[in-house]
Amino acid sequence: MTEIISNAQTITADQVNIREAVLSDAPALTDIYNYYIQTTTYSFRIDLTDVSLKEEQIKERQGTNPFLVATFDDKVIGYAYTSDSGSYEGYSPTKEISIYLDPHVKAHGIGGKLYHALEDEILANYPAIYKIISLVTGTNETSLKFHQKHGFTEYGRCKNMGYKFDQWLDVVYLEKDIHPIH
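Everything in the sequence shown is counted per our numbering, starting at 17 for the first residue and increasing by one.
Laid out in structure tokens, this is it:
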């Protein structure tokens, strides 16, 4: 396991650097993701994952989907990426976004900075992406407010879509047009 950020409460967004993910980031990304698997309903994954998953995700996205990391003092404290939203070619204009932060750095503007960097990367280098979506657990009020603040609107809710920690969970579907179709 990589070192946990212990003084994160003093980190502000202007102290954070954003860059493309590289394979050597995979252990830190895994630790962040495993925290959410183990302690929250934000991911419906039950079993902890290993570094190979994040390595594979970084490799798969090169050239087709942006994958960014936020760093502080050369330590990865968060990440954001897009994924294909469907398995067929016709879905390619729409991408699903995911954002995860080290749990100790929430509410310091870092998630917003990471999201804006991801959107800027899409606008600058991925002109074929027209829409981004996000699937958020219905009980994750922080994420729902975050997405609303950044221009996402709800377009659906699937009741009891997942089951974790002895409870049924809704999924809220959110969307945002990046390159609106006229």
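No residue lacks a Cβ here, since even glycine has one placed at the ideal position from N, Cα and C.
Does DSSP put residue i in a helix, a strand or coil?
i	result
A133	helix
D66	coil
R77	helix
I148	strand
G219	In the structure as shown, the chain starts at 17 and stops at 198, and residue 219 therefore has no counterpart that could be examined.
D56	The question names Asp, but residue 56 in the sequence shown is Thr. DSSP places T56 in coil when its eight states are reduced to three.
T28	coil
K192	strand
H163	helix
Going by DSSP, what residues sit across from residue i in a beta bridge?
i	result
T153	V187
I115	A96
N33	T87
Y179	W184
T110	K147
Measure the Cβ-Cβ separation of residue i and residue j and say whether it is below 7 Å.
i	j	result
R173	V152	no
V92	D41	yes
S101	T110	yes
I34	A133	yes
E71	L39	yes
K147	D118	no
In whole angstroms, what is the alpha-carbon distance linking residue i and residue j?
i	j	result
L139	G128	16 Å
R61	E157	19 Å
V32	A96	14 Å
I48	G94	7 Å
L130	L84	8 Å
S150	T28	25 Å
S103	D136	25 Å
H195	A144	8 Å
K180	D66	20 Å
K175	E36	35 Å
N23	A44	Here N23 scores only 48 on pLDDT, less than 50, and its place in the model should not be relied on; the value that follows carries that caveat. Answer to the nearest angstrom: the Cα atoms are 17 Å apart.
H166	S114	14 Å
G106	L64	32 Å
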